[in-house]
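Reviewing the structure listed below.
Chains as they are written, first to last, in our numbering: chain A, 13 to 107; chain B, 622 to 1108.
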């Protein structure tokens, strides 16, 4: 399986990764090699096999609808890149 | 007299109980070793001397008041993947190189409550993605058995620190072998418990359906003592298993009289180093002399474990790591021109190449129209692999084999080819896919480098694995030997 440079750029965009243009060929080669490794799965016949998501096939627990969290906003915002008046700042989204 | 740093956790705990030493004295001794020796290994990202000495003084006070638990006052090194309130929690990444965790992981809380003393945070492969500790933003870790070689990964910093006697024991996490493989390469006893035993809350997620924390120690007895503190139901982890707490030391002394041990034929095929194969067969004979019955078994779908893993783990990592977006914490690029640019450049700059590769493989596998061919197919193969083990455990109680196909390889030897690096985990990955407990213990040398024997058991049989490991260690001395760079 061989990924084209365009496919690598598309995947990087979907993954929100800025990949410098000169690194695209290297990623194309390495990702293609990994997908070749993954393709060995196709040799296995999995007709009728139940997929396994949780090793112990456990379901989700429910808990009481009670307040368990305290307000930790100052702690969390102390490590944020940019905050103002209790809000996280990002570049302008709406003109 | 044996130096303090050469004592095991069990011996240190006994010395504390007898009043022969104090936690402050122990902590000072290990901090001094880290200060003078770690530049050779680079096993710590952060050393926390003031915090450690305060915890040690509190532990000593607790002991004086008669309120000490079994490991109160014992120092340890914590893999930098576990959140520690007020202390840098980098996960080996530039992305989190400024992340002072605002809360404690459940495992950190449990250690604090039990009165243990954190010496610092251990270096690791970036976001636990690697088998050599060479993907860390903080530089590679060197193996105390040979400074030109890797310690294994991703818990390579913990492995090197414990092997070099810079800490009595430490924590690791294991998604595809990251506790067992570095334990093998550094001559340690490390155990990955059954999935769901150790809380994942506050343990930075890589592949959530595979990740599991565990201790890395010098002896099986120490691993049992540490596991007693680490394990336990946690309501905050949705995959935590609801089971009564148990004492993992309780069966250590059992004899191996009726033990049925399986050697999987698939773990002794092409690619296995001859010296490693010979050592594992010799270890099997030791178990036989202790009363175990050895039979050859088959795990026919072993060859599918690496292909399935490199779908499941990247798919889950691409989802888990999407939270690192430069908005609320972590690295943010300079002067973003818009929100998309902020996301893409923060992530492009903050993640190293191995993390980016896995995110992209996962993104590709989960993209529209590919789900059945990749993630669903991999989950079906997971079932085949788990079923192999179910069948095997009808015939045997424990499976043994090599932990890794070779001893420690040279720094730089496998960095240029990701797929070659992935094959280092050929014997460990199936255990994560099935969610079983697995352990690695020292079992010989090839060219002076440590060899690890892997023990695999059925669900919730940590007690049995620790029992077999402990009995093996009563009959052998591999685990007691210190590396040449630990003087």
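Every residue, glycine too, gets a C-beta built ideally from N, C-alpha and C.
| query | result |
| --- | --- |
| Where the beta strand (DSSP E) through residue 665/B begins and ends | 665 to 668 |
| Inter-residue spacing [alpha-carbon to alpha-carbon] between residue 943/B and residue 902/B | 45 Å |
| Cβ-based neighbour list, residue 994/B, same chain, cut-off 6 Å, excluding 5 preceding and 5 following | none |
| Best match in 781/B, 758/B, 751/B and 827/B for proximity to residue 765/B [C-alpha to C-alpha] | 781/B |
| Residues of the stretch 57 to 78 of chain A whose Cβ lies closer than 8 Å to any Cβ of chain B, in chain order | 58, 61, 62, 63, 64, 65, 66, 67, 68, 70, 72, 73 and 75 |
| Simplified DSSP state of residue 592/B, which is helix, strand or coil | Residue coverage of chain B in this structure runs from 622 to 1108, which leaves residue 592/B outside it and unanswerable. |
| Secondary structure of residue 995/B, DSSP reduced to three states | helix |
| Same chain only: Cβ atoms within 8 Å of residue 760/B, ignoring 5 sequence neighbours per side | 663 and 744 |
| Beta-carbon proximity of residue 900/B to residue 1021/B, cut-off 8 Å | no |
| Any chain A beta carbon closer than 8 Å to residue 949/B | yes |
| Backbone CA spacing between residue 980/B and residue 642/B [nearest angstrom] | 49 Å |
| Whole alpha helix (DSSP H) elements within the stretch 1004 to 1052 of chain B, 4-residue minimum | 1039 to 1043 |
| Residue environment, residue 920/B, which counts as buried when at least 16 other CB atoms sit within 10 Å | buried |
| 8 Å Cβ cutoff, residue 978/B in contact with chain A | yes |
| Three-pair Cβ contact test at 8 Å for the stretch 952 to 972 of chain B versus the stretch 911 to 926 of chain B | no |
| Identity of the residues DSSP links to residue 1063/B by a beta bridge | 1073/B |
| Host alpha helix (DSSP H) of residue 939/B (start-end) | 926 to 941 |
| Proximal chain A residues relative to residue 929/B, where beta-carbon distance stays under 7 Å | 53 |
| Residue interval of the alpha helix (DSSP H) (run including residue 1091/B) | 1083 to 1096 |
| Beta-carbon contacts of residue 932/B that lie in its chain and below 7 Å, excluding the five residues immediately before and after | 986, 995, 996 and 999 |
| Contacts that residue 965/B makes with chain A (C-beta to C-beta distance below 7 Å) | 28, 29 and 30 |
| As assigned by DSSP and simplified to three states, the class of residue 810/B | strand |
| Three-state secondary structure (DSSP) of residue 17/A | helix |
| Simplified DSSP assignment, three categories, for residue 836/B | strand |
| Runs of beta strand (DSSP E) lying entirely within the stretch 736 to 802 of chain B, each at least 3 residues, in chain order | 738 to 743 and 791 to 795 |
| Start and end residues, alpha helix (DSSP H) containing residue 960/B | 960 to 971 |
| Contact residues within the stretch 987 to 1000 of chain B, judged by C-beta distance below 8 Å to chain A | 988, 995, 997, 998, 999 and 1000 |
| Proximal residues of chain B, C-beta to C-beta of residue 45/A below 9 Å | 1038, 1039 and 1040 |
| Proximal residues of chain B, C-beta to C-beta of residue 92/A below 7 Å | 949 and 950 |
| Assigned exposure category for residue 81/A - 16 Cβ within 10 Å defines buried | exposed |
| Span of the alpha helix (DSSP H) around residue 848/B | 841 to 851 |
| Residue closest to residue 801/B, alpha-carbon to alpha-carbon, out of 779/B, 666/B and 822/B | 779/B |
| Beta-carbon neighbours of residue 87/A, restricted to chain B and to distances below 8 Å | 723 and 724 |
| Cβ of residue 925/B within 8 Å of any chain A Cβ | yes |
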